[in-house]
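Below is one structure, written out as structure tokens, with a few remarks after it.
Number of protein chains: 4
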Amino acid sequence: MRFFSDNTATACPEILAAISEVNHGRAKAYGDDDWTRDIDGALSTYFGTEVRAFVVVSGTAANALSLATLIPPYGVVFAHEGAHIRNDECGATEFYSGGGRIVGVPGANGKLTVETLGGVLDELHVSVHSMQPAALSLTQATEVGTSYRPDEIAALTALARRHKLHVHMDGARFSNSVEFLGCDPADISWRAGVDVLSFGATKNGALAAEAVVFFNRALVRDFELRRKRAGHLMSKSRFVSAQLLAYVSNDVWRRNAARANGLARQIGAAAGSALLYPVEANEVFLKLGAERKKQLREAGFEFHPWGSEASGNTRFVVSWDQPESDVVALCKTLRSHSQPPGD
Amino acid sequence: MRFFSDNTATACPEILAAISEVNHGRAKAYGDDDWTRDIDGALSTYFGTEVRAFVVVSGTAANALSLATLIPPYGVVFAHEGAHIRNDECGATEFYSGGGRIVGVPGANGKLTVETLGGVLDELHVSVHSMQPAALSLTQATEVGTSYRPDEIAALTALARRHKLHVHMDGARFSNSVEFLGCDPADISWRAGVDVLSFGATKNGALAAEAVVFFNRALVRDFELRRKRAGHLMSKSRFVSAQLLAYVSNDVWRRNAARANGLARQIGAAAGSALLYPVEANEVFLKLGAERKKQLREAGFEFHPWGSEASGNTRFVVSWDQPESDVVALCKTLRSHSQPPGD
Amino acid sequence: MRFFSDNTATACPEILAAISEVNHGRAKAYGDDDWTRDIDGALSTYFGTEVRAFVVVSGTAANALSLATLIPPYGVVFAHEGAHIRNDECGATEFYSGGGRIVGVPGANGKLTVETLGGVLDELHVSVHSMQPAALSLTQATEVGTSYRPDEIAALTALARRHKLHVHMDGARFSNSVEFLGCDPADISWRAGVDVLSFGATKNGALAAEAVVFFNRALVRDFELRRKRAGHLMSKSRFVSAQLLAYVSNDVWRRNAARANGLARQIGAAAGSALLYPVEANEVFLKLGAERKKQLREAGFEFHPWGSEASGNTRFVVSWDQPESDVVALCKTLRSHSQPPGD
Amino acid sequence: MRFFSDNTATACPEILAAISEVNHGRAKAYGDDDWTRDIDGALSTYFGTEVRAFVVVSGTAANALSLATLIPPYGVVFAHEGAHIRNDECGATEFYSGGGRIVGVPGANGKLTVETLGGVLDELHVSVHSMQPAALSLTQATEVGTSYRPDEIAALTALARRHKLHVHMDGARFSNSVEFLGCDPADISWRAGVDVLSFGATKNGALAAEAVVFFNRALVRDFELRRKRAGHLMSKSRFVSAQLLAYVSNDVWRRNAARANGLARQIGAAAGSALLYPVEANEVFLKLGAERKKQLREAGFEFHPWGSEASGNTRFVVSWDQPESDVVALCKTLRSHSQPPGD
């Protein structure tokens, strides 16, 4: 019963079928095929505004390529101190930008606030001797499974704009947040002031498909060249584009997200006081302690510690295809833990 | 009837099936799955020696990441002046290496020779003021559809070693050469002195799958970190690894290559004196002139010019899945061209 | 009466004279002159061990070039959160290393300790997803004018070695520390475990001269090529080397440092409880508050705030050539401040 | 009798004196001093138009920093195949630009022409797969001691502009060309279409001083940050600025250039048919053959081969301070060589 990551999941049937469906005929290479040409339109519809969108095959590529487009080599990206771009991408943003920097900002529940970010920005001494503030990167859903509300994002992007920062969103779990919030994709992206979104599908049912969505379309040529140069322009692009087209069709994205979110909520409800953060996407973070971790592992549950093993904190990620039985079993075990013995 | 590129081809049934077959259960992410763990073994068997191999999804990534591992930022890569890494990757090698340089060396039939390369190497004035010779990159099959013989490669790698150059091979069409030469994969790789091979499957029947194969295993940790940092470590690696495992199983690679090579040979035979280079893989280069190009296009044949449109030179690439009727029609038209009118 | 920085100082007579003295004849360019060839010997004598040393003209170049030699592009440098390399070099280390990262570590009195650094190192989760710990950079004298004791350095470098980190020292004010500690240059460099030292002369009486001193000589060829490539190999190197030769001759370095340190101590003594850090080099940091800052500025003293203006904290740097009258006047004013009114 | 390079020369008295003259008082650091603030004005006067100018200490820094400002990381710089930026700076442009490329273009007498450059530009296939043409770099005086005429430069920059290329000039020996041509500095820079000039003083009498002169002032902030980040913003900038101010005062630049040019012309006249290129600056290139080279070296003349030793070609560079006796002796020897024996 594996709760390591939504990256352990399978691809969903519609997306696998889409790959088979486009597997006919000789399609022009490097994105000049019919399906890739449909991406702009499909995502413009999805977001309710005209966008330019580019497919890539990994979230790290989506994040680092878009940030490299948004900042100069001496630019600073502000992000939550727990952000994936800072901790889990082996310095991809530093590499792609030619030596940029990510400044981690603390914040409760995985979120930046106008207060914490504003405090950091106000303390900067910007001069020719310092790196130059250039972008804000928000993660939605956050690294601890919470979701920014539209007005929280809007307040942060307004602050960013006052400091002349471009705004990027790492949306590896964007769909989970949209589903949780019950809002429109636009509400937590361009309408809230986001310039460029890494729109993830891989974790939520694709094989390997992300779109970099430019709401601010001024920089797309630079992005296209950087993508090619990075080896992220796929020769047989149709197989990536087909995944994304299927993902935004027939509410596949929503159905997958809803299932994972719902199961995560069940786990959160079962966890009682062990719950570290509100469950607002498909991840559940628990303070379990050494003994309960051990018991869970012995009972066949697989999961990662959150922070050090010693902290006793753990992360459970629910995939779109998680067997319900896994969740039922986990909930049962967690509930038994929270009962006083002898009850 | 499209002869643009083998990148326009579909994925072959075995490889598509392999993707479906691995699409079950929750596999560990980022290459820690059963199929990716099998890659080293499968490719060690394929090459007949112990290798370390890493899957990526594009040839540009395979080439640039491996060259960045082989050279310092101030390093020079020597390659044929027509090499893909020099002309068609938007400077990926320069980017990944942190400012390296590719020096193009001329050579008939798309090949470097000990004479041409040796001449360039002998003329170098290496000092602290110059960039430093660091690697040789050979392309097999070459950019003009010819194949280096094992002894040609061995002579070039011996020369490289005398100049302390690492040897990389861009094997985007490696299988086509193995099939054409009727040799063992080892004969034109490690046995001939190649250190690292970009082993391509995408053009020959995969969706998006290449392996970087280290015969010289000293540098693999550096490669792994560069790959991750570039966003080329796939979270759901099983879907890439499955393609490669299928590719090297049951002679899929050979069957696909043999079909494409064979059809290309038919075109070459039909082309008569228009043929620019010997057909030793799945590409045919013809000197057609403006009038015959126009006629062919009007007859429904799609292909790229080779060099400028004005040169009249053209490239026809035959895919593994090329309809035989395309080739029959093309051969017929070419033969009619080579007949004197009124015959 | 200007206490902004020791970079505002003049060049000392011996060093200016040395420039004139070498200004004869046609000397070979790019470091192949007699004076530059003497640098290794002169600094080997100075440090009491065989070194390889390279002259450059700025501290930023010395630091960033040596760190780029010590770390891979995905490497992390650990340094005090107040370090010049982190805050005042516009990301030079990130640039020169090809996208490395500096992790700031807190510590009282501008110093790292085995506890603070060890805590950070112990919490790292190093994997292919993280940047890789690669170097420790210590600043001597520190950014707040304190000096690490030999045993403090030795303890930190031992910790670094246990974590396989190279050790760099930013010695922009190295001479001030040697003078303050009354120790041998070796005691706070190689004997204490430092691999590479940025040995500064500019702040202490040169026009523009720093040496990068390799105690660990394995990496010097890489450094030389990086220096050239950066435009930091001077064509007329004799004029830089002459400065350094004069600097380490006849105790020029010590005399200049002693004068600056001594005057700084006087200021520290006059400052009473306003003193923020012990005066262990040529800098004095004071907590003055808005009113006293204003009074000092009106009285003709020029200095920088330390941190924000609002903090009321200030930095006074004493140059080797600071007029004694400046210091007398400053001390008098500070003493008057610390007297209860009416005394 | 050393004719290796003008980099072997001394500094001229006015420039050395200027350094002493500014060596008083505490000047603000990092270019905020009175002398550096005068640079824009002094060079605006020199060039007869409003410029922004930045001092650096090496020609490589001047060239690579300005080119990095002019091109994107995937940009191509076109330059003569013999250009210093291509052959003698260890890839500085590739490094500073983040992986750009220099394409060498052939041309007689060290010069590009509208025909050779135009031919290369017309043959380009620019697409997302190729690096992007971005800048033209001209060298004045050229690497073989010839000088572009104003109309030659204007024709090349007009061609560049039609291809949307920025124009950089490497003016390491700019003054020598101005003196030779008897023109105004403007005539071969901004009036002829140059955007940014590396204006060299080091080879012509300074210790270490070059100015990057922006006629097109849009990009200067980017340049300033790149310069700082590279360690090329001098803390004690006054000592560099003073050199440049002295250089453009009282025709120091012209006097030095005139002397070197005049002596070079004498050598050229003495060389007879051995002369490889017209002498239009301070360099003389001779085809001497092995025997005459040997004789000259035995007679105490020091010089570099031009190309390989085997070619028999040689380069003699005359410094501003070359002893006249060196030149007299050289001329005499050359003349004796060109006499048939027994004459």
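Going down the list, the sequences are from chains A, B, C and D.
Going by my numbering, the first sequence wraps up at 408, each residue one higher than the last.
Going by my numbering, the second sequence wraps up at 408, each residue one higher than the last.
Going by my numbering, the third sequence wraps up at 408, each residue one higher than the last.
Going by my numbering, the fourth sequence wraps up at 408, each residue one higher than the last.
For each residue, glycine too, the CB sits at the ideal point set by N, CA and C.
From a predicted model like this one, the values you see are computed outputs, not experimental measurements.
(request) Please check if any C-beta of chain A sits within less than 7 Å of the C-beta of Cys248 of chain B. (result) Walking along the second sequence from the start, residue 248 of chain B turns up at place 183. No, Cys248 of chain B lies away from the interface with chain A (no Cβ there is under 7 Å from its Cβ).
(request) Give the straight-line distance between the Cα atoms of Thr222 of chain B and Gly106 of chain B, rounded to the nearest whole angstrom. (result) To locate residue 222 of chain B, count along the second sequence from 1; it is residue 157. To locate residue 106 of chain B, count along the second sequence from 1; it is residue 41. Roughly 26 Å between the two C-alpha positions.
(message) For a test of the three-state rule: what should DSSP assign to His369 of chain D, helix, strand or coil?
(response) Translated into positions along the fourth sequence, residue 369 of chain D becomes position 304. His369 of chain D: strand per DSSP, three-state reduction.
(message) Which residues of the segment 290-306 of chain C have a Cβ closer than 8 Å to any Cβ of chain D? Give them in chain order.
(response) Leu290, Lys293, Arg294, Ala295, Gly296, His297, Leu298, Met299, Ser300, Lys301, Phe304 and Val305
(message) Using 7 Å as the threshold, is the C-beta distance between Leu262 of chain A and Val278 of chain A below it?
(response) Start at 1 with the first residue of the first sequence, and residue 262 of chain A comes out as number 197. Start at 1 with the first residue of the first sequence, and residue 278 of chain A comes out as number 213. The answer is yes: Cβ separation under 7 Å.
(message) Let's test the definition: count the other Cβ atoms within 10 Å of the Cβ of Asp235 of chain C and tell me whether it reaches 16, buried, or not, exposed.
(response) As a working mapping, residue 235 of chain C is identified with position 170 in the third sequence. So Asp235 of chain C counts as buried.
(request) Figure out for me which residue from D:Ala346, D:Asp98 and D:Lys358 has the closest Cα to the Cα of Gly247 of chain D. (result) Your numbering for residue 247 of chain D matches position 182 in the fourth sequence. Gly247 of chain D has its Cα closest to that of D:Ala346, out of D:Ala346, D:Asp98 and D:Lys358.
(message) Using C-beta distances below 7 Å, list every residue in its chain close to Thr73 of chain B, excluding the 5 sequence neighbours before and after it, in chain order.
(response) Within the second sequence, the letter at position 8 stands for residue 73 of chain B. If we look at Thr73 of chain B and ignore the five residues flanking it on each side, its Cβ neighbours are Arg67 and Ser384.
(request) Specify the secondary structure class of Arg380 of chain B as computed by DSSP and reduced to three states. (result) Walking along the second sequence from the start, residue 380 of chain B turns up at place 315. Strand, per DSSP.
(request) Ignoring anything shorter than 3 residues or poking outside the segment 94-158 of chain A, list the beta strand (DSSP E) runs there in chain order. (result) 117-121 and 140-145
(message) Tell me the residue span of the alpha helix (DSSP H) that contains Pro78 of chain D.
(response) Here residue 78 of chain D is taken as the residue at index 13 of the fourth sequence, counted from 1. Per DSSP, Pro78 of chain D belongs to the alpha helix (DSSP H) from Pro78 to Glu86.
(request) For Pro78 of chain C, count neighbouring C-beta atoms within 10 Å of its own C-beta (all shown protein chains included) and say buried if the count is 16 or more, exposed if not. (result) In the third sequence, residue 78 of chain C corresponds to position 13, counting from 1. The residue is exposed, with fewer than 16 neighbouring Cβ atoms inside 10 Å.
(request) Answer with buried or exposed for Pro250 of chain A, where buried requires no fewer than 16 other C-beta atoms within 10 angstroms of its C-beta. (result) Residue 250 of chain A sits at position 185 when you count from the first residue of the first sequence. It is buried - the Cβ of Pro250 of chain A has at least 16 other Cβ atoms within 10 Å.
(request) Please check the pair Ala157 of chain B and Ala127 of chain B, which I expect to be a contact at CB under 8 Å, by giving their CB distance rounded to whole angstroms. (result) On the second sequence, residue 157 of chain B is found 92 positions in, with the first residue counted as 1. On the second sequence, residue 127 of chain B is found 62 positions in, with the first residue counted as 1. So it is not a contact: roughly 10 Å between Cβ atoms.
(message) Using C-beta distances below 7 Å, list every residue in its chain close to Asp408 of chain A, excluding the 5 sequence neighbours before and after it, in chain order.
(response) The residue given as residue 408 of chain A occupies position 343 in the first sequence. With a pLDDT of only 41 at Asp408 of chain A, under the threshold of 50, the placement of this residue in the model should not be trusted; the figure read from the coordinates follows. Excluding residues within five positions, none has a Cβ falling inside 7 Å.
(request) Verify the CB distance criterion: does Gly163 of chain B have a CB-CB separation below 7 Å to chain C? (result) In the second sequence, residue 163 of chain B corresponds to position 98, counting from 1. At least one chain C Cβ lies under 7 Å of Gly163 of chain B.
(request) Under 8 Å between beta-carbons, which chain B residues line up against Pro137 of chain C? List them in chain order, please. (result) Along the third sequence, one-based indexing puts residue 137 of chain C at 72. The answer, in chain order, is Asp287 and Leu290.
(request) May I ask whether a heavy atom of the ligand SAH can be found less than 6 Å away from the beta carbon of Val122 of chain B? (result) Because no ligand of any kind appears in the structure shown, any question about the ligand SAH cannot be addressed here.
(message) Does Val179 of chain C pass the burial test, meaning 16 or more other C-beta atoms within 10 Å, or should it be called exposed?
(response) Here the question's residue 179 of chain C lines up with position 114 in the third sequence. So Val179 of chain C ends up on the exposed side.
(message) Is there a C-beta anywhere in chain C that falls below 7 Å from the one on Val193 of chain B?
(response) Reading the second sequence from its first residue, position 128 is the one you call residue 193 of chain B. Chain C, which has a Cβ nearer than 7 Å to the Cβ of Val193 of chain B, makes this yes.
(message) Let me make sure I understand the geometry here. Which of D:Ala266, D:Ser300 and D:Ser109 has the alpha-carbon closest to that of Arg91 of chain D?
(response) In the fourth sequence, the residue the question calls residue 91 of chain D occupies position 26. Nearest C-alpha to Arg91 of chain D: D:Ser300.
(message) Which residues in chain A have a C-beta closer than 7 Å to the C-beta of Gln197 of chain D? List them in chain order.
(response) As a first step, residue 197 of chain D must be located in the fourth sequence, where it is residue number 132. Correct list: Leu290.
(request) Reducing DSSP to helix, strand and coil, say where Lys229 of chain B ends up. (result) As a position in the second sequence, residue 229 of chain B is number 164, starting the count at 1. Reduced to three states, the DSSP call for Lys229 of chain B is coil.
(request) Within the same chain, show all residues whose beta-carbon is closer than 7 Å to that of Phe264 of chain D, passing over the 5 residues directly before and after it, in chain order. (result) For this step, residue 264 of chain D is matched to residue 199 along the fourth sequence. Excluding residues within five positions, the ones whose Cβ falls inside 7 Å are Gly236, Phe239, Glu275, Ala276 and Val278.
(message) Please state the DSSP three-state secondary structure of Pro171 of chain D.
(response) Translated into positions along the fourth sequence, residue 171 of chain D becomes position 106. Coil, per DSSP.
(request) Run through the segment 321-373 of chain C for me and flag every whole beta strand (DSSP E) of 3 or more residues, listed as ranges in chain order. (result) 348-352
(request) Would you kindly work out how many angstroms separate the C-alpha atoms of Ala335 of chain A and Lys93 of chain B, rounded to a whole number? (result) As a first step, residue 335 of chain A is located in the first sequence; it is residue number 270 there, counting from the start. As a first step, residue 93 of chain B is located in the second sequence; it is residue number 28 there, counting from the start. Distance between the alpha carbons of Ala335 of chain A and Lys93 of chain B: 26 Å.
(request) Quick one: measure Cβ to Cβ for Ser325 of chain B and Ile80 of chain B, integer angstroms, because I've assumed they're closer than 8 Å. (result) For this step, residue 325 of chain B is matched to residue 260 along the second sequence. For this step, residue 80 of chain B is matched to residue 15 along the second sequence. Note that residue 325 of chain B corresponds to Ala in the displayed sequence, not to Ser. Wrong, their Cβ atoms sit about 15 Å apart, outside the cutoff.
(message) Just to make sure I have the definition right: I need the residues of chain A whose C-beta is within less than 7 Å of the C-beta of Gly156 of chain C. Which are they?
(response) As a first step, residue 156 of chain C is located in the third sequence; it is residue number 91 there, counting from the start. Neighbours of Gly156 of chain C on chain A, chain order: Tyr139, Gly164, Arg166 and Met196.
(request) Taking only the alpha-carbon atoms, compute the straight-line gap between Ala339 of chain C and Gly183 of chain C and give it to the nearest angstrom. (result) Position 274 of the third sequence, counting from 1, holds the residue named residue 339 of chain C. Position 118 of the third sequence, counting from 1, holds the residue named residue 183 of chain C. Spanning the two alpha carbons is a distance of roughly 32 Å.
(request) Look at Ala266 of chain D and Tyr312 of chain D and say whether their C-beta atoms are less than 7 Å apart. (result) As a working note, residue 266 of chain D is residue 201 in the fourth sequence. As a working note, residue 312 of chain D is residue 247 in the fourth sequence. Yes, the Cβ-Cβ distance between Ala266 of chain D and Tyr312 of chain D is below 7 Å.
(request) Please list the partners that Phe368 of chain D has in chain B, where partner means a Cβ-to-Cβ separation under 9 Å. (result) Taking the first residue of the fourth sequence as position 1, residue 368 of chain D is located at position 303. Correct list: empty, because the minimum Cβ distance to chain B is about 15 Å.
(request) Could you tell me the distance, in whole angstroms, from the CA atom of His402 of chain A to the CA atom of Val209 of chain A? (result) Sequence index remark: in the first sequence, residue 402 of chain A carries index 337 (1-based). Sequence index remark: in the first sequence, residue 209 of chain A carries index 144 (1-based). Going from the Cα of His402 of chain A to the Cα of Val209 of chain A covers about 22 Å.
(request) Pull out every residue of the segment 119-138 of chain C whose Cβ sits closer than 7 Å to any Cβ of chain D, in chain order. (result) Val122, Ser123, Thr125, Ala126 and Ala129
(request) Can you have a look at Pro138 of chain C and say buried or exposed, based on whether 16 or more other CB atoms are within 10 angstroms of its CB? (result) Locating residue 138 of chain C in the third sequence gives position 73, counting from the first residue. Pro138 of chain C is buried by the Cβ-count criterion.
(request) Less than 8 Å between the CB atoms is what I'm expecting for Asp260 of chain A and His233 of chain A, so what's the real figure, rounded? (result) Taking the first sequence and counting its residues from 1, the one referred to as residue 260 of chain A is at position 195. Taking the first sequence and counting its residues from 1, the one referred to as residue 233 of chain A is at position 168. Right, the Cβ-Cβ distance comes to about 7 Å (below 8 Å), so this counts as a contact.
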